[in-house]
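See below for the structure under consideration.
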Amino acid sequence: MTRRMPEVALDLLADEPYRAPVVTSDRVFAGRVWDVRRDTVEYGGAQVVRDYVEHPGAVGVLALDDRGRVLLIKQYRHPIRTRDWEIPAGLLDVDGESPLEAAKRELVEEADLEADDWAVLVDLFTSPGGNDEAIRIFLARGVRPTATAFARTDEEADMEARWVDLDECVDAVLARRVQNAPLVAAVLAAHVARARDWETLGAAVAPWPARPKGDPTA
Numbered sequence: 001m002t003r004r005m006p007e008v009a010l011d012l013l014a015d016e017p018y019r020a021p022v023v024t025s026d027r028v029f030a031g032r033v034w035d036v037r038r039d040t041v042e043y044g045g046a047q048v049v050r051d052y053v054e055h056p057g058a059v060g061v062l063a064l065d066d067r068g069r070v071l072l073i074k075q076y077r078h079p080i081r082t083r084d085w086e087i088p089a090g091l092l093d094v095d096g097e098s099p100l101e102a103a104k105r106e107l108v109e110e111a112d113l114e115a116d117d118w119a120v121l122v123d124l125f126t127s128p129g130g131n132d133e134a135i136r137i138f139l140a141r142g143v144r145p146t147a148t149a150f151a152r153t154d155e156e157a158d159m160e161a162r163w164v165d166l167d168e169c170v171d172a173v174l175a176r177r178v179q180n181a182p183l184v185a186a187v188l189a190a191h192v193a194r195a196r197d198w199e200t201l202g203a204a205v206a207p208w209p210a211r212p213k214g215d216p217t218a
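To convert, note that position 107 of the sequence shown is 107 in our numbering; the numbers rise steadily by one, no gaps.
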């Protein structure tokens with residue numbers, strides 16, 4: 001017998017913010033970039049223990065030129081042993097810097113580009129079962145090269161940059177040839193947004209309540 005699932009009206013389909021009471025919260029590993037936290041949480045009448053990566057949050061940029069092409073970069077990522085295709089992105093690790101300012105900085109640092117038109121394309125949690133990372137992806141249009149190139153080191157030193165037609169990016173995603181999560185989300189969101197005459201875009205300074213911040217016990 002097939003269990004009947006409740007129907008949800010489309011205008012009600014939304015994540016539900018909820019802060020389960022945190023009994024204890026301890027940093028069990030302090031890393032160079034991010035830490036691991038262990039929380040004891042009251043949920044469902046019991047106390048459960050959960051370990052997760054504590055993340056400062058991040059931004060990404062889907063830069064779209066006037067020919068409908070997306071700026072992609074290829075960079076080595078050691079955890080997956082892959083030089084994967086990505087969109088410019090980076091951590092929210094500068095005190096006092098807004099997400100929009102961070103996105104503009106990352107576009108300069110990783111692509112030597114700046115843009116005149118900025119909007120929020122999509123927000124996502126990258127892996128909500130294992131970390132608290134929230135990433136906001138911006139759409140940048142009216143792009144142009146910066147006056148000077150940014151100096152890059154480590155994995156960024158040999159980054160490859162390429163302009164790729166948005167439809168070709170969608171084909172690569174659906175064929176599973178590219179698998180970077182922010183890239184996948186950004187490309188598919190941009191494809192749909194373009195088909196809807198960009199009516200889904202948010203203001204570049206739109207509120208972002210999901211961004212990780214503050215004391216986890218609060």
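Each residue gets a CB set at the ideal place from its N, CA and C atoms; glycine is no exception.
Since this is a predicted model, take the numbers as computed values, not measurements.
CB contact below 9 Å: residue i versus chain D
i: V120; result: Of the chains in the structure shown, none is chain D; there is only one protein chain.
CB contact flag (residue i, residue j, <9 Å)
i: A58; j: L91; result: yes
i: K74; j: A161; result: yes
i: R136; j: R211; result: yes
i: A203; j: A102; result: no
i: L107; j: E86; result: no
Reference residue i, options the options, closest by Cα
i: A111; options: G60, V49, P128; result: G60
i: V49; options: L64, G68, V28, R32; result: V28
i: P56; options: A63, A20, R32, C169; result: R32
i: D165; options: T40, R83, R67; result: R67
i: A89; options: P207, E54, P99; result: P99
i: T40; options: E54, A30, Y52, V22; result: V22
i: V184; options: E168, E199, D35; result: E168
i: L113; options: I80, R141, P145, S127; result: P145
i: L139; options: P182, A30, R77; result: P182
i: A149; options: G130, E109, D116, D171; result: E109
i: Q179; options: E16, A147, R83, D51; result: R83
i: A193; options: R177, V173, V122; result: V122
i: D117; options: D15, A63, T24, G44; result: A63
Residue i - DSSP class collapsed to helix/strand/coil
i: A89; result: strand
i: R105; result: helix
i: P209; result: coil
i: L12; result: helix
Residue range of the unbroken beta strand (DSSP E) whose run includes residue i
i: V184; result: It is not in any beta strand (DSSP E) - V184 instead sits in the alpha helix (DSSP H) that spans 181-195.
i: E16; result: Where E16 is concerned, there is no enclosing beta strand (DSSP E), given that its DSSP letter is neither H nor E.
i: A119; result: 113-125
i: D35; result: 35-43
i: P21; result: From DSSP, P21 is part of no beta strand (DSSP E); its letter is neither H nor E.
Alpha helix (DSSP H) segment containing residue i, residue limits
i: V170; result: 166-174
Give the list of continuous beta strand (DSSP E) stretches no shorter than 3 residues that lie fully inside the region 46-97.
For the region 46-97, whole beta strand (DSSP E) runs of length 3 or above, ordered along the chain, are 46-54, 58-63, 69-77, 82-86, 89-91.
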